[in-house]
Structures are given as structure tokens and as C-alpha cells.
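Trainee: Below you'll find the structure I mean.
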Amino acid sequence: MRERVLLVLVAVLGWTSCAAAQPRPNHLADEHSPYLRRTVGQPVDWYPWSEDAFQRATTLNRPILLEVGAVWCPWCDLMDRDTYTHPETADLINQHFVAVKVDFDASPKLVAQLQRAQALLNLPAGLPLTSFITPDGKLYLGAGYLPAEHKEGRPSFREIADEALARFADKQKIDQQSFQLEIEK
Amino acid sequence: MLFAIDNLKLNSKLDYTSDSLDGPLITGDDGQSGFVPGKPNYVIIYGEGCFNSKRQAQRTVELYNKYRAQVHFVVIDLDIQRSPEQQTLVKQYYNGYIPHVLVLGPRGEVLYNQSGEVDSKIIENAFKESLAR
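Here's what the structure looks like:
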């Protein structure tokens, strides 16, 4: 009997320690989109486009990092594989932003609004679409594909993220150059 | 004095059968030009990684080779920073969907304005209508 109890205890402790070793799943596990579901295991704490995400950004006073991509977009795939699985990049995002991921194919009206906003601000407006948005919905900076490290003339994700954080601190500048999105979450 | 883009060519490095992202879809001289008055203008607004944009880019270069003497061509790449002249067109006509195609008359009047791929015959009809005036 004593041995059985010990075995059960070992099994429970083993399961607990295994569970603790797993990366914490982000908030995309309940999403149906294949593009969103493939990033469930990423170290970035992704949220879907939702009231929760904007509420969290307001509470923490952080900018929203919004990533729009599609399953058929090879550069979105590359960014998912290299940039968003890069441990330091993921830490930077999780500590300073609220990360939101949107499937291009699932939200055409929202994406059209985002692409138009970036185009009007003379920012890259193709896919992947990387946007930085205030908690009250002002898109103030954006980019396209961003590698984890600076390469072939392309800025790294960190370089753009640092710029996004610096601009976020200057509300006056944001008011001068940004696009107010119509937010339907 | 404004000049329209000239010497339009498809980017030889591109794979026009997929969504690969390999740079500008169309190359040419003075690629940042905007609307040029005095002739009809054909305007394409595209994204580099978009398959539909690539197909419309192919039609654009075919139209350029046929109408280059009579029509100004404006090529707006949304993946790179754009000139103030091109931004004027983006602000006025781009609705968030790519590709977007415009045909403007010699004074800027809108003869065709739609998102998505467009059959070249429709564009040619708009050119002919404008040139006949």
C-alpha cells in the first residue's frame, strides 16, 4: 500500500514538473483560423483581436503590436518561424507590448482598414503587416517583414520595436502623425 | 515638369506563379512619379507579396508596351516609401484592397476605379474613350 502511494505521488509530481516545463500557451488556442492556431506554441503571448487585448493595453499603458498574416504568405511564415520564436524578441514583446495576431483571410474589413491606414501614413502596407497601435486605437507606426536580426538592409524587429516604444512615450507626436482606427472588437 | 514612369519591365527575379516576396513587381525609370496631366493616366497600386498584384503587373506591362506613346503609367508600390505625388493618389483612391487600378483622364477625371484584377480590354476601352475625346 505504501509503495502504491509512493508511486502515485511520484507520478503526480512527474506530471506536475512536466507541465511546468511546457511553454505557457498564448491566447490563440480557441481560435479556428489555421494561421492563428499554428502560432499557439510560440513564446509570444498573442491575443486575438478582442476587447480583452485593448483592455489589457489600457490597463498596462502599453502599445499594441498587431501582426497581420496569412497561411499562404511565405514571409509571414518566415517571421513566425524566425522572429517570433526568437527568445529575446519574444521577451521584449511580452514585457513591453500587448501582442495581437490577425488572420488576413478571416478579417478582410479590418485588414483593409489597417492596410489603408499604413498606406496613408506612407508606411509599408503589404503582408506581413506589422502595426503599432495605442490602446485607444491610433495606428502610429508600421512595417512589413522584420527579421530577428538586422539583415540585408532590413531593420530588425528590435530596432522598430524600440522606435515604437520611444514614439509611444510622445503623445503629442502620435496625435500629429497617426491614423485613428474604427475599432470593432 | 512632371515625368511619368518609363521603360516599364517585369522584375526578372520574380516568381509570378506564387505569393513569394522578391522585390518590386514592376521596374522602370522615375518610378516615383504621380499623376501627369495632358494624357490619360493608368495607375496601379500593388503589394509585392500579392499574387493578384503580380498578375495585374503582367497586364500592366503589356498595356504599357501597347500604349506607352499615348498614356502615362503610374506604378505605386505599397511596400516601399512613396513620393508626395504618389501619396496624393493613395490618399484619394486607395481603399485598402490590392491590386487597385485607376484610369484617369488628362485633367484627372476618373474613368475607371476598381480594386482587384481587371481584364485589359476594360482598361483599353477606357483609354480609347479618353483618347477619342
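Protein sequences appear in the order of chains S and U.
Going by the working numbering, the first residue of the first sequence is number 1, and it counts up by one from there.
Going by the working numbering, the first residue of the second sequence is number 186, and it counts up by one from there.
Every residue gets a Cβ at the ideal spot worked out from N, C-alpha and C, and that includes glycine.
This structure is a prediction, so every number in the text was calculated from the model and none was measured.
Comparing C-alpha positions only, which one of 197(U), 191(U), 314(U), 219(U) sits nearest to residue 228(U)?
Mentor: 219(U)
Trainee: Along chain S, in chain order, which residues have C-beta atoms closer than 7 Å to that of residue 272(U)?
Mentor: 122
Trainee: Does chain U have any CB closer than 8 Å to the CB of residue 22(S)?
Mentor: Low per-residue confidence applies at residue 22(S): pLDDT is 44, beneath 50, and the placement is therefore not dependable enough to give any value.
Trainee: Out of 125(S), 83(S), 67(S), state which residue places its alpha-carbon closest to the alpha-carbon of residue 151(S).
Mentor: 83(S)
Trainee: For residue 309(U), name the three-state secondary structure that DSSP assigns.
Mentor: helix
Trainee: Taking residue 278(U) as the reference, which of 315(U), 211(U), 295(U), 243(U) has the closest Cα?
Mentor: 295(U)
Trainee: Give me, in chain order, the residues of the same chain whose beta-carbon lies closer than 6 Å to that of residue 112(S); leave out the 5 immediate sequence neighbours on both sides.
Mentor: none
Trainee: Quick one, which of 318(U), 200(U), 233(U), 243(U) has its alpha-carbon nearest residue 194(U)'s?
Mentor: 243(U)
Trainee: Contact check, residue 130(S) vs residue 67(S) under 8 Å by CB: the rounded distance?
Mentor: 6 Å
Trainee: Considering only DSSP beta bridges, list what residue 191(U) is partnered with.
Mentor: DSSP, once it has assigned bridges, lists 214(U) as partnering residue 191(U).
Trainee: Among residues of its own chain, excluding the 5 on either side of residue 80(S), which ones have a beta-carbon nearer than 8 Å to its beta-carbon?
Mentor: 38, 39, 42, 69
Trainee: Who are the near neighbours of residue 292(U) in its chain, counting only those whose CB is closer than 8 Å to its CB and skipping five residues on each side?
Mentor: 222
Trainee: Give me the Cα-Cα distance between residue 117(S) and residue 25(S), rounded to the nearest whole angstrom.
Mentor: 31 Å
Trainee: Per DSSP, which one or two residues make a beta bridge with residue 66(S)?
Mentor: 100(S), 131(S)
Trainee: Take residue 209(U) and list the residues in its own chain whose beta-carbon comes closer than 6 Å to its own, dropping the five residues that flank it on each side.
Mentor: 196, 262
Trainee: Pick out whichever of 98(S), 77(S), 109(S), 147(S) has its Cα sitting closest to the Cα of residue 183(S).
Mentor: 109(S)
Trainee: When Cβ atoms are compared, which residues of the region 100-130 of chain S fall closer than 9 Å to chain U?
Mentor: Of all residues in the region 100-130 of chain S, 108, 109, 111, 112, 113, 114, 115, 116, 117, 118, 119, 120, 122, 123, 124, 125, 126, 127, 128 have a Cβ within less than 9 Å of some Cβ in chain U.
Trainee: Taking the alpha helix (DSSP H) that residue 174(S) falls in, what are its first and last residues?
Mentor: 171-176
Trainee: Residue 49(S) touches chain U at which residues, Cβ-Cβ below 7 Å?
Mentor: Neighbours of residue 49(S) in chain U, taken as residues whose beta carbon is under 7 Å from its own, are absent, since the nearest beta carbon is some 16 Å off.
Trainee: Using DSSP with H/G/I as helix, E/B as strand and the rest coil, what is residue 231(U)?
Mentor: DSSP places residue 231(U) in the strand class (E or B) of the three-state scheme.
Trainee: In whole angstroms, what separates the C-alpha of residue 127(S) from that of residue 313(U)?
Mentor: 35 Å
Trainee: Could you spell out where the beta strand (DSSP E) holding residue 261(U) opens and where it closes?
Mentor: 257-262
Trainee: Taking residue 119(S) and residue 275(U) to be in contact with their CB atoms under 8 Å, please state how far apart those CB atoms are, rounded to whole angstroms.
Mentor: 5 Å
Trainee: Residues of chain U with CB closer than 7 Å to the CB of residue 144(S), please, in chain order.
Mentor: 264
Trainee: List the residues that DSSP assigns as beta-bridge partners of residue 197(U).
Mentor: Partner(s): none; residue 197(U) has no beta bridge.
Trainee: I need the boundaries of the beta strand (DSSP E) containing residue 143(S), first residue and last residue.
Mentor: 138-143
Trainee: Along the chain, where does the beta strand (DSSP E) containing residue 48(S) start, and where does it finish?
Mentor: 46-48
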